[in-house]
Amino acid sequence: MKFLQNTGLIFFLFGLLAFTLIPFLGTYQLERSEVRKQVKDIHQEAMMEVLQPMFGTRYASNFSFVRDFNRYFDTYNEGLKEDQAWDKVIWDDYAFPLTKASSMSPVADAPLLFLVLSIGLAVFGGLLYTLPMYRNEPAGIKNDGIYFSSMKARGWLGIITGTYLILFYIILYWYPEYLTNLVIMVDPISLLLSGGPASQWFLYGLIYTLAILVMGVRMFRKYKGNNYQTIRTVSVMFFQLSFAFLIPEILVLFNMPWHDFKNIWPLDYSFFYEYRIEGMLGSGALGMFMLIWGIILILIGVPLFTYFYGKRWYCSWVCGCGGLAETLGDPYRQLSDKSLKAWQIERYLVHGVLVFAVLMTAVTIANYFMEFALLGQATDQLHSIYGFAIGSAFAGVIGTGFYPFMGNRVWCRFGCPLAAYLGLVQRFKSRFRITTNGGQCISCGNCSTYCEMGIDVRWYAQRGQNIVRSSCVGCGVCSAVCPRGVLKLENGEEAGRVNDMPIIIGNESIKVKS
Amino acid sequence: MTDNTIVILGNGISGVTCARHIRKNDPDIPITIVSAETRHFFSRTALMYIYMGHMKYEHTKPYADDFWEKNKISLKLAWVEQVDFTERELHLAGGEKLSYKTLVLATGSKPNKFGWPGEDLKGVQGLYSYQDLLQMEENTGKIGRAVLVGGGLIGVEMAEMLRSRNIPVTFLVRENGFWDNILPVEEAALVGKHIREHHVDLRLATSLEEIISDKNGAVQGIRTTDGETIDCQFVGLTAGVSPLIDIFKDSPLDTDRGILVDDKFQTNLPGVYAIGDCAEFRSAPGEGRKTIEQVWYTGRMHGETLAHNLTHKKQVSYVPGIWFNSAKFFDIEYQTYGHVPAKWTEPYHSFYWESGSGKVALRLLFDQKDCILGMNAFGWRMRHEFFDRAIREGWKAERVLKQLSSADFNPEFHRQFHQQVLDQYNRENGTAVKLPKRSFIQKLIGSRA
Ligand SMILES: Cc1cc2nc3c(=O)[nH]c(=O)nc-3n(C[C@H](O)[C@H](O)[C@H](O)COP(=O)(O)OP(=O)(O)OC[C@H]3O[C@@H](n4cnc5c(N)ncnc54)[C@H](O)[C@@H]3O)c2cc1C
Ligand code: SF4
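Sequence lines, in order, name chains H and S. Numbering-wise (UniProt numbering), the first sequence opens with residue 1 and increments by one. Numbering-wise (UniProt numbering), the second sequence opens with residue 1 and increments by one.
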């Protein structure tokens with residue numbers, strides 16, 4: 001068993017190493033024909049001239065190629081900016097497509113081989129590692145040694161992992177041209193699914209989905225015997241694989257806009273952006289359905305489902321961010337901050353982002369109908385600020401990169417505007433609560449420690465109070481780890497759900513209000 | 001220090017609950033808690049999880065460190081060597097003195113030692129305090145085998161702790177079944193089987209004769225009363241606990257096994273009270289209850305009740321409600337409500353159901369009129385509220401059985417056992433109790449009613 005797992009670990013590490021090294025492979029040479037193919041007509045002439053010195057030069061690495069490209073390109077743009085020739089400045093990002101088109105690496109010749117050696121090996125190794133976990137052990141809580149683990153308790157392994165993730169996200173969002181070989185490597189899969197070449201987002205979607213699937217298998221092993229955990233893990237795996245990954249690509253195959261039917265505004269913050277609306281409106285009946293379905297989800301789906309089941313129906317059963325947090329992030333759930341201070345910051349931040357998203361969308365919609373120049377500029381500004389600060393930096397870099405530092409729900413807790421919206425419904429109008437079982441709590445602290453949302457569950461449990469908190473995503477782990485059977489997630493009558501002045505069962509001397 | 005100061009000796013659950021509730025009822029009265037164990041209150045019940053790496057010490061503190069200052073409860077980290085009851089002063093180690101108007105003794109327990117030869121050797125210890133935990137960490141660093149002596153709840157916890165680090169464990173239990181002075185035969189067997197499933201060498205009906213020393217005064221093995229020697233480098237003494245009252249031995253305070261108190265926690269000395277593990281009631285606080293209550297929940301209730309009396313004119317007696325308790329034997333959770341002794345006689349009768357896996361069980365005990373007296377549940381979480389009510393109101397067997405689903409506190413989607421239980425009950429009693437009907441809608445929205 002140990003042997004299998006160790007082999008798995010080695011395979012995984014080899015895969016990861018290959019994945020990390022692949023971007024460094026090959027040589028790069030820019031051809032005129034590619035510039036003609038990749039660059040918009042209006043920029044053709046300028047770009048041909050700007051990139052003139054690069055044609056015919058063979059670059060030994062991705063880095064030297066990108067460095068030169070940026071130098072020529074930036075010099076050109078800077079010059080125009082100095083002359084205040086704003087209309088001539090090229091805002092489009094050509095670094096990625098041109099680097100990709102110039103790659104002459106072995107990856108392009110045998111993409112599948114490299115795919116197998118990197119992602120394939122990592123997935124295989126991951127499965128080899130997770131599948132035999134806890135075999136021959138009785139079902140039960142498997143938290144032994146977590147706080148002795150360098151990976152899970154902010155030791156050096158955790159720090160390395162976090163740093164790697166953060167770097168990966170920074171490169172993915174802002175310097176994708178360095179990832180071109182990896183994107184080339186997944187081109188065949190993209191061609192198969194959508195009929196088009198891959199982008200960095202396809203690469204990201206693929207690894208994201210695989211991470212959820214492999215680490216989902218780990219969840220099955222770890223929480224063996226707890227059906228709630230198993231079923232909701234199956235659910236997030238399903239929604240990620242189908243709704244978030246396959247269906248959007250297949251839509252593209254049929255000339256439809258890329259669309260994730262389970263993503264809901266304001267998490268899907270660009271839903272009301274002009275290009276999205278136009279895309280949907282321009283795609284016939286199905287496009288119309290996308291638009292209407294999206295709006296129904298926002299206006300009816302969220303309140304209705306949250307009323308009956310709490311926000312967990314989305315956050316820990318459907319959502320992609322939640323899906324990654326609950327699978328890949330599960331080993332880090334204990335690292336969330338439980339302090340009162342963190343709770344205060346959380347409320348300001350998450351509701352702040354919600355307000356920002358709502359305002360931005362309001363301006364966007366107003367602009368859509370009014371087409372007022374000034375408003376148009378404001379809209380673009382807001383979009384780029386939101387996209388940079390919230391969509392990329394917060395949700396991606398911090399959201400996932402900080403797993404090993406601040407737990408697996410940093411984004412969901414402090415940043416996600418949809419979670420804030422769902423949370424408001426959950427707090428004020430819902431049948432969901434975590435019921436506390438009378439006087440059985442022994443204040444051990446397992447529940448609070450393993451709450452990924454940083455809720456001090458024990459604080460409620462030890463005073464016999466039900467837990468009704470807007471942030472609770474209903475992952476059910478507090479209930480799983482409680483050694484005394486004190487906590488139960490349930491949907492029930494609204495009467496008695498909130499008991500601010502609970503009476504703990506067991507003492508007849510006085511009616512103690514905690 | 002003003003002279004109306006309340007000093008609480010002991011910062012365990014009973015002392016701390018008492019302090020919190022005094023503060024709730026009286027915003028001004030000075031309160032000082034003295035303890036030598038840790039500066040802040042932590043959960044003793046979670047000691048095992050620190051050793052097992054589920055939590056760190058700081059996670060076991062139920063209140064944030066600034067809680068005490070915010071609530072104007074002063075904390076004093078010091079060992080009390082002696083109490084001068086006439087001068088109303090505590091004598092702290094180091095010579096400092098602390099005076100009080102009211103003194104609450106909440107000193108807790110210490111592990112039992114029965115005068116076994118070798119019980120003070122290096123590598124031999126009980127598990128009660130935070131210091132014990134640190135010592136256990138040290139004592140179990142590199143060892144080939146551990147022996148535990150005495151089968152109770154702390155013994156199982158220690159076994160689980162050691163097994164979490166793959167240390168081979170031999171577990172000596174004097175009785176013929178595990179914890180069988182509390183558990184009926186079937187339950188004792190179920191727990192015993194599960195302990196063995198975790199590769200613990202459980203020896204029932206086996207007692208300790210002596211602990212054998214090596215040249216350096218450390219344990220190198222034990223001998224059982226059957227004459228068998230077992231090599232080991234660690235011995236855990238887990239044969240129960242008794243009140244920690246050594247410092248009161250030669251004082252005017254009335255003690256027996258514990259500090260003797262009446263139903264208002266009043267000791268024989270005015271202004272001096274005792275609560276929690278260290279208190280011994282002159283007469284049991286209720287039918288079927290013991291005079292010394294050594295569990296978390298009772299410590300809490302003692303604290304709540306005494307706090308009420310210290311802050312109200314109208315005094316109340318300590319009246320505990322329906323008994324309840326819970327524990328966990330490795331992976332199997334145990335809950336009990338009401339009164340289920342290890343043995344009972346006619347006309348009491350019981351119903352016992354066990355799942356095929358042998359890991360889920362339910363025991364219901366009824367009186368001559370078929371009214372429920374108590375229950376034990378294993379691997380099946382039950383609603384406290386449900387059984388508290390059913391037992392208090394003396395529900396008839398069939399009513400309890402029929403409504404079992406609404407007592408079910410297992411996580412959603414957990415396997416349902418109700419039908420199996422009913423089948424067996426009906427078979428044994430010739431009855432026809434049926435599952436209550438739940439409509440599809442009720443199931444869909446998870447309604448309990
Ligand atoms: C490992 C373990 C697991 C347990 N698990 C459970 C469980 O699951 N469920 C349950 O119901 N019960 C459990 N118990 C029992 C429960 O913890 C005790 O009943 C409870 O903690 C007693 O609380 P207390 O306030 O009376 O005393 P304690 O918690 O013992 O507090 C007394 C404090 O007073 C201090 N003190 C004593 N004398 C002096 C002095 N002279 N000077 C200074 N300080 C002094 C001690 O150091 C100690 O800190 C467990 C006990 C142990 C040891
Ligand atoms: S895990 Fe259970 S017993 Fe422990 S503090 Fe939380 S609710 Fe209480």
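Cβ coordinates follow ideal geometry from the N, Cα and C atoms, glycine included.
Hey, residue i and residue j: beta-carbon distance below 9 Å or not?
{"i": "residue 516(H)", "j": "PRO62(S)", "result": "Nothing can be reported for residue 516(H), as the shown portion of chain H is limited to 1 through 514."}
{"i": "GLY53(S)", "j": "ASP144(H)", "result": "yes"}
{"i": "residue 516(H)", "j": "GLY320(H)", "result": "The question about residue 516(H) has no answer here: the residues shown for chain H are numbered 1 through 514."}
{"i": "MET406(H)", "j": "THR327(H)", "result": "no"}
{"i": "MET382(S)", "j": "PHE351(S)", "result": "no"}
{"i": "MET104(H)", "j": "TYR178(H)", "result": "no"}
{"i": "GLY276(S)", "j": "GLY303(S)", "result": "yes"}
{"i": "GLY318(S)", "j": "SER326(S)", "result": "Correcting the residue identity first, residue 318(S) is Tyr in this sequence and not Gly. The answer is no: Cβ separation not under 9 Å."}
{"i": "GLY358(S)", "j": "GLU412(S)", "result": "no"}
{"i": "VAL400(S)", "j": "TRP380(S)", "result": "no"}
{"i": "ARG333(H)", "j": "ARG409(H)", "result": "yes"}
{"i": "LEU121(H)", "j": "TYR208(H)", "result": "no"}
{"i": "SER213(S)", "j": "GLY118(S)", "result": "yes"}
{"i": "MET256(H)", "j": "GLY205(H)", "result": "no"}
By Cβ distance below 8 Å, which residues in the same chain neighbour residue i in space, the five residues on each side in sequence not counted?
{"i": "LEU183(S)", "result": "GLY177, VAL191, ALA342 and ASN376"}
{"i": "GLY506(H)", "result": "GLY438 and GLY439"}
{"i": "LEU354(H)", "result": "PRO266, PRO417, ALA420 and TYR421"}
{"i": "ARG431(H)", "result": "TYR307, PHE308, TYR309, GLY310, ASN491, GLY492, GLU493, GLU494 and ARG497"}
{"i": "ASP388(S)", "result": "GLY321, ILE322, PHE324 and TYR337"}
{"i": "ALA432(S)", "result": "ASN426"}
{"i": "VAL397(H)", "result": "ILE166, TYR169, ILE170 and TYR173"}
{"i": "TYR386(H)", "result": "TYR269, PHE356, ALA357 and MET360"}
Which term fits residue i, buried or exposed, when burial requires 16 or more other beta carbons within 10 angstroms of its beta carbon?
{"i": "GLN44(H)", "result": "exposed"}
{"i": "TYR450(H)", "result": "buried"}
{"i": "MET1(S)", "result": "Caution is warranted here: a pLDDT of 45 is assigned to MET1(S), below 50, making its placement in the model unreliable, and no coordinate value can be reported."}
{"i": "ALA205(S)", "result": "exposed"}
{"i": "GLU138(S)", "result": "exposed"}
{"i": "GLU185(S)", "result": "Looking at the sequence shown, residue 185(S) is not Glu but Val. When all chains shown are included, VAL185(S) counts as exposed."}
{"i": "TRP201(H)", "result": "exposed"}
{"i": "ASN181(H)", "result": "buried"}
{"i": "MET1(H)", "result": "exposed"}
{"i": "GLU293(S)", "result": "buried"}
{"i": "VAL183(H)", "result": "buried"}
{"i": "GLY8(H)", "result": "buried"}
Can you name, in chain order, every residue of its own chain whose Cβ lies under 6 Å from the Cβ of residue i, other than the five neighbours on each side?
{"i": "GLN368(S)", "result": "PRO347"}
{"i": "ILE434(H)", "result": "ILE467, LEU487 and LEU489"}
{"i": "ALA307(S)", "result": "CYS18, HIS21 and ILE22"}
{"i": "VAL425(H)", "result": "PRO303 and THR306"}
{"i": "LYS152(H)", "result": "ILE146 and PRO331"}
{"i": "ALA18(H)", "result": "LEU117 and SER118"}
CB-CB under 7 Å to residue i, same chain, minus the five flanking residues each way: which ones, in chain order?
{"i": "LYS142(H)", "result": "TYR134 and LYS222"}
{"i": "VAL214(H)", "result": "VAL123, GLY126, LEU127 and THR130"}
Name the residues in the region 438 to 458 of chain H whose C-beta lies less than 8 Å from a C-beta of chain S; which are they? GLY438, GLY439, GLN440, ILE442, SER443, CYS444, GLY445, ASN446, SER448, THR449 and ARG458
Indicate whether the contact test is met: 3 or more Cβ pairs, each with one atom in the region 119 to 128 of chain S and one in the region 246 to 258 of chain S, closer than 8 Å. no
Got a sec: which bits of the region 160 to 189 of chain S sit with their beta carbon under 7 Å from any beta carbon on chain H, in order along the chain? SER164
Under 8 Å: do the region 257 to 271 of chain H and the region 344 to 362 of chain H share three or more Cβ pairs, one atom per stretch? yes
Interface residues of the region 324 to 351 of chain H facing chain S [CB-CB below 9 Å]: GLN334, LYS338, SER339 and LEU340
Contact list for the region 209 to 224 of chain S against chain H, Cβ threshold 9 Å: Taking 9 Å as the Cβ-Cβ cut-off against chain H, none of the residues of the region 209 to 224 of chain S qualify.
Inter-stretch contact at 8 Å, needing at least 3 Cβ pairs: the region 208 to 215 of chain S / the region 73 to 80 of chain S: no
What are the residues in the region 136 to 154 of chain H lying within 7 Å of chain S by C-beta distance? PRO138, ALA139, GLY140, ASN143, ASP144, GLY145, ILE146, TYR147 and PHE148
Beta carbons nearer than 7 Å to chain H: which residues of the region 28 to 61 of chain S have them? The region 28 to 61 of chain S vs chain H, Cβ under 7 Å: SER43, THR45, ALA46, TYR49, MET52, GLY53, HIS54, MET55, LYS56, HIS59 and THR60.
Residues in the region 428 to 445 of chain S having any Cβ partner in chain H nearer than 7 Å: ILE445
Listed from N- to C-terminal order along the chain, which residues in the region 291 to 314 of chain S have their beta-carbon within a distance smaller than 7 Å of any beta-carbon of chain H? Answer in chain order: TRP296, TYR297, MET301, GLU304, THR305 and HIS308.
With 7 Å as the limit, tell me which residues of the region 355 to 380 of chain S have their beta carbon closer than that to any beta carbon of chain H; keep them in chain order. Taking a C-beta cut-off of 7 Å against chain H, none of the residues of the region 355 to 380 of chain S qualify.
For the region 221 to 235 of chain H, which residues have a CB atom closer than 7 Å to at least one CB atom of chain S, in sequence order? ASN226, ASN227, TYR228 and ILE231
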